[in-house]
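Below is one structure, written out as structure tokens, with a few remarks after it.
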Amino acid sequence: MLAWGVWENFRVTGNKERLAYALPHMERYLDWNARHRDQNGNGLLEWFIEENETCRSGESGLDNSQRFDAAILLDAVDFSVFQARDMAYVARIAEALGEADKAAHWRGRAAALSRAIHATLWDEADGFYYDRDMQGVASSIKAVTGFLPLLLDDLPPERVPRLVAHLQAPREFGAAFPIPSMALDTPDWSTDMWRGATWINMNYLVVEG
């Protein structure tokens, strides 16, 4: 979310020197992700998985989420959405700096990744976005991260009410204190960290979407 933050700072300050400073750093960062966090080469990104059973993916920020209990690499909804959005913001930044070719490059990469998210991680039967393993098998874990494609500009509009229905469903995410990090009907749901508890940072992102 670095480029998003840089862009929002620029919208307030109008300081292009900061944009010019940040741009090459963000480009290297996004390229690093693409080179080192896409083991199956399909454009979607996978969080690093640790051997620590109580924190399988600290890199993700959702340390002990049930998403990572199997300790396998997953094409991750959240990581892929963050990457696509930051590519789009890097394109905006490049455009603001008058670098049209660079802006077109990143705009194209953002669009390609966003299309891959919608084509690969969406489950039509459930009307939800799921992580998938390296063989393309969808996870059965219904996590708050499944709502993050709402942040993408090209989200097919007919999917919005289906996602909202999950947000409102009493047995899923329509909790007394929404939005739980896991659907309430997850078998091992708990208030332990990311195994069910509500987190304001995810709430913010879903509201933005």
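Numbering (numbering that gives the first Met the number 0), first residue to last: 0 to 208.
For glycine and all other residues, C-beta sits at the position ideal for the given N, C-alpha and C.
If the criterion is Cβ atoms closer than 7 Å, does the pair residue i and residue j meet it?
i	j	result
A115	R66	no
V80	L150	yes
L22	Q82	no
Y88	A2	yes
L29	I92	no
L112	G60	no
A196	S180	yes
D77	L166	no
A90	R106	yes
D132	I48	no
W193	S56	no
L154	R170	no
S75	W31	For the record, residue 75 in the displayed sequence is Ala; it is not Ser. No, the Cβ-Cβ distance between A75 and W31 is not below 7 Å.
Could you tell me the boundaries of the alpha helix (DSSP H) in which residue i lies?
i	result
F9	L1 to T12
L29	K15 to H35
L204	I199 to E207
Relative to the C-alpha of residue i, which residue among the options is closest?
i	options	result
D191	G4, H24, D62 and A168	D62
E52	T185, D37, N39 and D68	D68
Y203	W188, I178 and S189	I178
- Task: Go through the region 134–186 residue by residue and report every complete run of the alpha helix (DSSP H) that reaches 4 residues or more, in order.
- Result: You should have 159–167.
- Along the chain, which unbroken stretches of the alpha helix (DSSP H) at least 4 residues long are found entirely within the region 82–136? Complete alpha helix (DSSP H) runs here, min 4: 99–119.
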